[in-house]
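Residue numbers (the numbering used here), protein chains in the order written: chain A, 1 to 111; chain B, 112 to 228.
Note sheet for the following structure.
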């Protein structure tokens, strides 16, 4: 079983739609959680950290459920510029920090 | 966030040769890492670059194949040794900026695209 699993995608949705991504992780030693976005032929860029209380940044909302080992990302009123691959990332601390990446979900927003 | 540069940005190499990739940051960082992203795949951690000591390698990666140096807080190199076509990949360095150390948030360099023929 992969340490971090995401919806396989790809997602193709019209502009203005709401999109939800799900992610599960298997290592209970996971300490911090992130969503990164990666545009084609570019490096991953931090979108937002994910906190147990849930957090919102404009049109983006991230949720964490430690009991279920589940992370989500909600994008409201999607824009064409939201088209990218979204990576669920878990920081596992086992003596040293280690980021484990999900395989990513590709999102395309259509006009 | 920190400004991270990598050299070279891309290269085409012959099998059996070695390539050294440089990662330079414009500010002090607590941690530096090297990742590989193979075509169509997500990122895999190769090793943590430790200042003044040997790097810490992940399972499946060894020092003889991927020697790493980190002589100071803002610079690291990764060498891909005795290359084969299977080493064709994007190699990325990442850092945890000193001012973001508590959050342990990593920021990535632009990557080095390597093609081995």
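Using N, Cα and C, we set each Cβ at its ideal position, and we do this for glycine too.
Interface with chain B (9 Å Cβ-Cβ cutoff): residue 21 of chain A is excluded.
Pairwise C-beta distances place the segment 136-153 of chain B out of contact with the segment 50-68 of chain A, as fewer than three of them are shorter than 8 Å.
Within the segment 139-164 of chain B, those residues whose Cβ lies closer than 8 Å to any Cβ of chain A are, in chain order, 142, 144, 152, 153, 154, 155, 156 and 159.
Contact residues of the segment 43-62 of chain A toward chain B are 43, 44, 45, 46 and 49 (C-beta to C-beta distance below 8 Å).
Against chain A, the beta carbon of residue 185 of chain B has no neighbour under 7 Å; the closest one sits roughly 18 Å away.
Residue 203 of chain B has a beta carbon lying within less than 9 Å of a beta carbon in chain A. Proximity of chain A to residue 167 of chain B at the Cβ level (cut-off 8 Å) is accounted for by 96, in chain order. A distance of 9 Å or more separates the beta carbons of residue 90 of chain A and residue 36 of chain A.
Following the DSSP letters along the chain, one finds residue 13 of chain A inside the beta strand (DSSP E) bounded by residues 11-14.
Take the alpha-carbon of residue 126 of chain B and the one of residue 194 of chain B: they are about 5 Å apart. Secondary structure at residue 126 of chain B: coil, using DSSP grouped into helix, strand and coil.
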